[in-house]
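Just so you know, the sequences run in chain order G and H.
Counting from 1 along the first sequence, just add 16 to a position and that's the residue number in the working numbering.
Counting from 1 along the second sequence, just add 27 to a position and that's the residue number in the working numbering.
For glycine and all other residues, C-beta sits at the position ideal for the given N, C-alpha and C.
Keep in mind it's a predicted model, so treat the numbers as computed, not measured.
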Amino acid sequence: MDEQQYAQYIKKISPKSKVWSSLLRAFLVGGLICLVGEGLGALYQLWLPAYDQTQIGSLVSCTLILIASILTGIGVYDKIGYFAGGGSIVPITGFSNSITSAAMEFRKEGIIFGTCANMFKIAGPVIVVGVAVAMLCGLGYFIVGLFL
Amino acid sequence: MSTIIFKQKPRIIGWYSVAGKKESQGPLRETFSRIVTDEYFGEKTHEMAERKFFVTAIQGAIQSAGVQPDIVFAGDLLNQIVSSSFAMRDIGLPYVGIYGACSTMALSIINAATYVDAGLVQTTVAAAGSHFATAERQYRTPLEFGNQRPPTSQWTVTGAGATVLSSAKTSSIGVTCATIGRVVDYGIKDVNNMGACMAPAAADTLERHFKNTNTQPGDYDAIFSGDLGQIGEEALRDLMKEKGYPLGENYYDCGKLIYYGEQKVDMGGSGCGCSAVTLNGFILDKFQQGEYHKVLFMATGALLSPTTCFQGESIPGIANAVVIEEVTE
Chain G
17 MDEQQYAQYI KKISPKSKVW SSLLRAFLVG GLICLVGEGL GALYQLWLPA
67 YDQTQIGSLV SCTLILIASI LTGIGVYDKI GYFAGGGSIV PITGFSNSIT
117 SAAMEFRKEG IIFGTCANMF KIAGPVIVVG VAVAMLCGLG YFIVGLFL
Chain H
28 MSTIIFKQKP RIIGWYSVAG KKESQGPLRE TFSRIVTDEY FGEKTHEMAE
78 RKFFVTAIQG AIQSAGVQPD IVFAGDLLNQ IVSSSFAMRD IGLPYVGIYG
128 ACSTMALSII NAATYVDAGL VQTTVAAAGS HFATAERQYR TPLEFGNQRP
178 PTSQWTVTGA GATVLSSAKT SSIGVTCATI GRVVDYGIKD VNNMGACMAP
228 AAADTLERHF KNTNTQPGDY DAIFSGDLGQ IGEEALRDLM KEKGYPLGEN
278 YYDCGKLIYY GEQKVDMGGS GCGCSAVTLN GFILDKFQQG EYHKVLFMAT
328 GALLSPTTCF QGESIPGIAN AVVIEEVTE
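So this is what it looks like as structure tokens:
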């Protein structure tokens, strides 16, 4: 067997992720998280009628981040993630989990060189890519606007 | 010739294994010398816990041998092999640090046996170990990060094992020969498929071993690979068939022996501790009970670092094999 044949052979004998059941679980859990977000939004709207939609949205995001952070701290979120996969990574709760878990993991190296330095180890690339793409979009919007 | 023959047949006079909670829920439960269910082993960090596993295993082995050793050979997976070297602060014996990734248990036995065989020292200790949490942190993601493990991944064993070798002929279990591994790379880059990375190296070592010693797989009561897991085991069987040395029912993989399928470990166990606790429990116990007379123990290692992986390099493997057999005289 040469390298190429070996790579093909390994691909053949390696078990694959179960796509359909993964998708279904991600859909259910991801949907549930969004549903909780919607519910919270409705509650905040009742409780604070003076707030506008943007303010309510921020409150909902903050609440979800807090809940996910606490669930990570008490060791529950990784179990949800094991079941849901992308369903619990993609919503804002996943972002919260990636920061809290890294902060906890590196706490042993101290506050500054451990927690602060490593908190964004997983979330960092998401922020960098987000900002970069936002800038590109803004630039595109600006250029298109010049000709309209 | 790449197979070393130990003329003096250094004897194994003591052994000890200490394993963690998940391992204690597996099929080898009864064979561990000690089980520690606290992942921190009473310490502040997982790294300190890993050291304590080392200290416990080495002290236990020395105690079971009843002789004070001259040199300790030990290694682990953490950067700068800190677990074994920091553990030596408490042991206080002359120490040689060894790195062979997960092949360390076999590599340290080969070194320990060589010193004894050459008549340089009387008694040596070989040790290796690993910890799930420290390996996850070094190679993968934070423990509480909610991701899914790919189905080809393996689970790092929490535990350590130590073996005491001696020139005194007080035991009938001897180390008779060893084949040192070559670094073999078949271009696999998937860090979540270690078995596939290591199987070609394992096949290379086995083939050379059988050729050099003029033996066949059937000549051994059992052949053990360290931590190939399910994919690696299947690949090794196929590669050995191709090389003309098909492995029979006497071939086992420690990574598959150590956990039950339903323990959510995917392809099986891995890490230095996997082969270390299996050897210093299950395998050597079987010698003592008279069930095994000749065993080929081959620990397998994937020689990667997080840096080489991020830089897109493939993962080379290595496998070190040692023959343990019942010796008279």
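Beta carbon of H:P37 nearer than 9 Å to that of H:D144: Against a cut-off of 9 Å, the Cβ pair of H:D144 and H:P37 comes out as a contact.
Three-state secondary structure (DSSP) of H:N347: Residue state for H:N347 is assigned as strand, using DSSP reduced to three classes.
Near-chain G residues of the region 201-225 of chain H (beta-carbon distance less than 7 Å), N- to C-terminal order: Answer set for the region 201-225 of chain H: Y213, G214, I215, N220, A223.
Chain G contacts made by the region 259-286 of chain H, where a contact means CB separation under 8 Å: For the region 259-286 of chain H, residues whose beta-carbon sits nearer than 8 Å to a beta-carbon of chain G comprise E261, A262, D265, L266, E269.
Rounded Cβ spacing between G:T131 and G:T88 (contact assumed at less than 8 Å): About 14 Å; that fails the 8 Å criterion.
C-beta atoms of H:A326 and H:G256 nearer than 9 Å: For H:A326 and H:G256, no; Cβs fall outside 9 Å.
Of the residues H:Q90, H:R167, H:V94, the one placed nearest H:L105, counting alpha carbons only: Measuring from the Cα of H:L105, the nearest candidate turns out to be H:R167.
Alpha-carbon to alpha-carbon, H:C224 and H:R209: Taking the straight line joining both Cα atoms gives about 13 Å.
Any chain H beta carbon closer than 9 Å to G:A133: Residue-level contact by beta carbon fails for G:A133 and chain H, as no gap is shorter than 9 Å.
Secondary structure, beta strand (DSSP E): runs of 3+ residues fully inside the region 132-186 of chain H: Correct list: 150-157.
Chain H contact for G:F43 (CB, 9 Å cutoff): Taking Cβ atoms only, chain H never reaches closer than 9 Å to G:F43, which makes this a no.
Own chain residues within Cβ distance below 7 Å of H:Q290, not counting five before or after: Cβ neighbours of H:Q290 beyond the five flanking positions: K49, Q52, G53.
Residue from H:N277, H:F314, H:K79, H:H73 whose Cα sits closest to the Cα of H:V45: Nearest of H:N277, H:F314, H:K79, H:H73 to H:V45, Cα basis: H:K79.
Through-space distance from H:I31 to H:V218, alpha-carbon basis: Approximately 32 Å between the Cα atoms of the pair.
Cβ-Cβ distance between H:F100 and H:N138 below 9 Å: Yes, these two residues count as a Cβ contact at 9 Å.
Beta carbon proximity, H:E171 to chain G, threshold 9 Å: Yes, H:E171 lies at the interface with chain G (some Cβ there is under 9 Å from its Cβ).
is_contact[G:T88, chain C] using C-beta, thresh 9 Å: Among the protein chains of the structure shown, namely G and H, there is no chain C.
Per-residue burial, H:Q243 [other beta carbons within 10 Å of its own, 16 or more giving buried]: Around the beta carbon of H:Q243, fewer than 16 other beta carbons sit within 10 angstroms, so the residue counts as exposed.
Check whether H:L306 and H:A128 have beta carbons under 9 Å apart: The criterion of a C-beta distance shorter than 9 Å is not satisfied by H:L306 and H:A128.
G:S104 and G:V52 closer than 9 Å at C-beta: It is not a contact, given that the beta carbons lie outside the stated cut-off.
Whole-Å CB distance - H:F314 paired with H:Y279, under 8 Å assumed: Going by Cβ atoms, the distance from H:F314 to H:Y279 rounds to 15 Å, so no, they are not a contact pair.
Positions along the region 142-167 of chain H whose CB lies within less than 7 Å of some CB in chain G: Cβ contacts with chain G come from R164.
Validate contact between the region 82-98 of chain H and the region 186-205 of chain H using beta carbons, cut 8 Å, 3 pairs: Contact between the region 82-98 of chain H and the region 186-205 of chain H is present, because at least three Cβ pairs lie under 8 Å.
When G:I127, G:S112, G:S37 are compared against G:V142, the one with the closest alpha-carbon: It is G:S112.
Identified DSSP bridge partners for H:R38: DSSP lists H:S193, H:G201 as the bridge partner or partners of H:R38.
Residue nearest to G:G102 in terms of C-alpha spacing, selected from G:S30, G:W63, G:I49, G:G57: The shortest Cα separation from G:G102 among G:S30, G:W63, G:I49, G:G57 belongs to G:I49.
Where the alpha helix (DSSP H) through G:T109 begins and ends: Where G:T109 is concerned, the enclosing alpha helix (DSSP H) stretches over 108-121.
Contacting residues, own chain, Cβ-Cβ under 6 Å from H:P177 (five flanking each side not counted): Setting aside the 5 residues that flank it on each side, H:P177 is surrounded in the same chain by N219, each with a C-beta closer than 6 Å to its C-beta; the list follows chain order.
G:Y22 - DSSP class collapsed to helix/strand/coil: In the three-state DSSP reduction, G:Y22 falls in the helix class (H, G or I).
Cβ neighbour criterion (16 or more within 10 Å) applied to H:Q181: Buried, since its Cβ has 16 or more Cβ neighbours within 10 Å.
Cα-Cα separation between H:K283 and H:E77, rounded to whole angstroms: In a straight line, the C-alpha of H:K283 is about 22 Å away from that of H:E77.
Any C-beta of chain H under 9 Å from that of G:Y60: At least 9 Å separates the CB of G:Y60 from every CB of chain H.
Rounded C-alpha distance that separates G:E19 from H:F172: If you draw a straight line from the Cα of G:E19 to the Cα of H:F172, it is about 34 Å long.
Distance, H:E260 Cα to H:L197 Cα: Just to set this straight, residue 197 of chain H is Thr in the shown sequence, not Leu. For H:T197 and H:E260, the distance between alpha carbons rounds to 36 Å.
Coarse secondary structure for H:T72, derived from DSSP in three states: DSSP places H:T72 in coil when its eight states are reduced to three.
Endpoints, the alpha helix (DSSP H) within which H:S252 is located: No alpha helix (DSSP H) contains H:S252, which is instead part of the beta strand (DSSP E) from 249-252.
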